[in-house]
Amino acid sequence: MSKRQKLMVGNWKMNGSLAANASLVAELLQGMAEVYCHAAVCVPSVYLSQLQTLLAGSELALGAQDVSPHESGAYTGEVSASMLKDFGVRYCILGHSERRRDHSESDALVALKAQRALAGGITPIVCVGESLAEREAGETEAVVKRQLAALIQVNGHCISEIVVAYEPVWAIGTGLTAKPEQAQAVHAVLRAQLQAASPHADRVSILYGGSMNAANAATLLDQPDVDGGLIGGAALKAPDFLTMLKAASR
Ligand code: 13P
């Protein structure tokens, strides 16, 4: 088993409302007694203020879903790292495949965003992962290595402060989960690449994401290089997310 304490992160994506958030968080906080892993929820930025209040004094950390690569200035629609920090944000998902796809985010841009988040005292959760076509073409390793290399190139000196999330694109929201051994194989590739870049690579948490749910979380989390989960749909259901948090607390 790994020495790294597990980290379980809910990615709410573009879901929620003031009322729904309040009841989801109330239910989660009620069930946290037997949770001993690190846990966070990454919420739409308009709800950060609400969540900062709801989560105050709790064991559930607050996260965002993106950050600007710029410090401040004329960047309409963007949110800076210092703004996130103002609302108690601890984690920020970066380079999610939905942003790479819908906003043409490149590996280089994602690396810059990670640098900006780190400078602002926020832990980046940087997503990597291959599409179905890339997997079928035998390119999985090359794709995730390219994505991670860009991150290391810019942030190598502080790589131990970054969280990496392996999210095979074909497994996101599809109900198709990577088999535990498939996930472990890619996590091991990422770990080896981190080890080649930094003496602190063993401290880097590598999360798995993609249709992780209450039924399959435990076997995925049992893999030696799976240090937690990045969970979409199942994180919106309090009983399911709590079951997964408990699976990560064993
Ligand atoms: P699902 O858990 O809904 O497949 O989403 C995974 C994900 O994209 C988390 O960032």
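FYI, in the working numbering the residues of the sequence shown are 31 to 280.
For glycine and all other residues, C-beta sits at the position ideal for the given N, C-alpha and C.
Since the model is a prediction, treat every value here as computed from it, not as a measurement.
Alpha carbon of residue i to alpha carbon of residue j, nearest angstrom
i      : j      : result
SER228 : LEU48  : 42 Å
GLU166 : GLY240 : 17 Å
GLN281 : SER98  : Past the boundaries of the shown model lies residue 281; the chain is included only from 31 to 280, so the question cannot be answered.
LEU266 : GLU101 : 32 Å
ASN45  : LEU92  : 16 Å
VAL140 : ILE261 : 20 Å
ALA218 : ALA245 : 23 Å
THR273 : LEU54  : 14 Å
GLU128 : TYR66  : 30 Å
CYS122 : ASP96  : 6 Å
HIS68  : VAL109 : 25 Å
Closer than 6 Å: residue i CB and nearest ligand 1 heavy atom
i      : result
ASN41  : yes
ILE152 : no
GLY262 : yes
GLY159 : no
SER241 : yes
ILE202 : yes
Residue from the options whose Cα sits closest to the Cα of residue i
i      : options                           : result
GLN212 : THR204, GLU197 and ALA222         : GLU197
ALA147 : ALA163, GLN223, VAL158 and ASN185 : ASN185
GLY259 : ALA247, ASP270 and PRO269         : ALA247
GLY203 : GLN223, GLN183 and TRP42          : TRP42
Short Cβ contact (7 Å threshold) for residue i with residue j
i      : j      : result
LEU114 : PRO154 : no
ILE152 : VAL194 : no
ALA86  : VAL39  : no
SER112 : ALA94  : no
ALA201 : ALA208 : yes
ALA149 : ALA180 : no
ASP257 : ALA264 : no
Residue i at chain D interface by Cβ criterion, 7 Å
i      : result
PRO254 : As a matter of chain content, chain D is missing from the structure shown, which is built from one protein chain.
For this session: Spell out a yes or no on whether the segment 251-258 and the segment 57-65 are touching, meaning 3 or more CB-CB pairs, one atom from each, closer than 8 Å.
Result: no
Problem set entry | the segment 118-128 in contact with the segment 70-86 per 3-pair CB rule at 8 Å | yes
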